[in-house]
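Chemist:
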Amino acid sequence: MRNPIVAHDAIFNLTHYKKAHDEAINVLHSHTKEVINMRRKELEQQNITSLAGSSETGIKNKHAFLDLLLLSEINGTRIEDEHIREEVDTFMFAGHDTTTAGVVYALFCLSKEQSIQEKIFEEQIAILTDLSKDPSYNDLQQMKYLEMVIKESLRLFPPVPI
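Converting from the sequence shown to my numbering requires adding 1497 to each position, the first position being numbered 1.
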């Protein structure tokens, strides 16, 4: 239940909750600033100055969204660090909520169907023959039944409104 005393900003700003709120926001912002600075240094060390380029196979390289923001100066459009941080906050923290909701609903669906759990387990055993190593991208591509189960749970319980 929500405390009516802190429902309005003018009152909230006078309470001890405001200080705790600001401290939590500062922790989050310092984390995203650290991520931005680390990626900026990596780009500088790799001497990446262009968004263009292709791999050895001739396929055009795709850049992460953060890279596009950081390299925007190349196209003559400078994005302020504060705006970059806001975008990083959005895709880092909003993505966690939707991913968490998707996983929770998938597990909920699985908890209701023992036979489906068994089929997924059998598929995993058949694909992951060497349990001492992590699954490869190729292994993940073979997990067709698991993919169908995940897609069905997302269809039944979408984590974001459609």
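Every residue, glycine too, gets a C-beta built ideally from N, C-alpha and C.
Could you tell me the distance, in whole angstroms, from the CA atom of K1516 to the CA atom of G1599?
Modeler: Your numbering for residue 1516 matches position 19 in the sequence shown. Your numbering for residue 1599 matches position 102 in the sequence shown. Straight-line Cα distance between these residues: approximately 33 angstroms.
Chemist: Below 9 angstroms between beta carbons: does that hold for E1620 and L1643?
Modeler: On the sequence shown, residue 1620 is found 123 positions in, with the first residue counted as 1. On the sequence shown, residue 1643 is found 146 positions in, with the first residue counted as 1. Yes. Within cutoff.
Chemist: Taking the continuous alpha helix (DSSP H) assigned at A1521, which residues delimit it?
Modeler: Counted from its first residue, the sequence shown places residue 1521 at position 24. Note, A1521: alpha helix (DSSP H), H1513 to Q1542.
Chemist: So, does the segment 1566 to 1580 touch the segment 1508 to 1528, judging by three or more C-beta pairs under 8 angstroms?
Modeler: no
Chemist: If you reduce the DSSP assignment to three classes, tell me which class L1565 lands in.
Modeler: Counting from 1 along the sequence shown, the entry for residue 1565 is found at position 68. Three-state result, L1565: helix.
Chemist: Decide if S1650 is buried, meaning its Cβ has at least 16 other Cβ atoms within 10 Å, or exposed.
Modeler: Locating residue 1650 in the sequence shown gives position 153, where the first residue counts as 1. Looking at its Cβ environment, which holds 16 or more other Cβ atoms inside 10 Å, S1650 is buried.
Chemist: Can you give me the Cβ contacts of E1531 inside the same chain, cut-off strictly under 6 angstroms, excluding the 5 residues immediately before and after it?
Modeler: Mapped onto the sequence shown, residue 1531 falls at position 34. Result list for E1531: empty, nothing under 6 angstroms.
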